[in-house]
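Going by the numbering used here, the sequence shown wraps up at 662, each residue one higher than the last. The C-beta atom is built at its ideal place from N, Cα and C for all residues, glycine as well. Taking it in order: structure first as structure tokens, then the write-up.
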Amino acid sequence: MTERFIPATPAPRIVPCPTCGGDSLFSPDNLWRPFCSERCRQIDLGHWSDESFRVAAPPTTVDEDDASK
């Protein structure tokens with residue numbers, strides 16, 4: 594009988610949760626990936642919605658003519 598090579602399943606990847614720093618499973622099985630829970634996901638969304646988090650961008654200038662439109 595010949596032996597078949599069965600590839601090893603990769604170990605689940607554990608990453609730190611961006612919100613609380615706890616362990617989070619980085620896998621399609623984790624519905625809140627990369628967060629550890631729905632709560633941490635909602636906290637992060639709240640930070641974006643109240644503009645605690647921002648994407649860096651160069652300052653923009655508004656022409657007075659454009660502002661009156």
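Per the DSSP secondary-structure output, aspartate 616 pairs in a beta bridge with Pro609. The C-beta of phenylalanine 628 has 16 or more other C-beta atoms within 10 Å across all chains shown, which makes the residue buried. DSSP places aspartate 637 inside the alpha helix (DSSP H), whose first and last residues are 631 to 642. A distance below 8 Å between beta-carbons, with the five flanking residues on each side excluded, links serine 620 to the following residues of its chain, in chain order: Pro605, Arg606 and Arg626.
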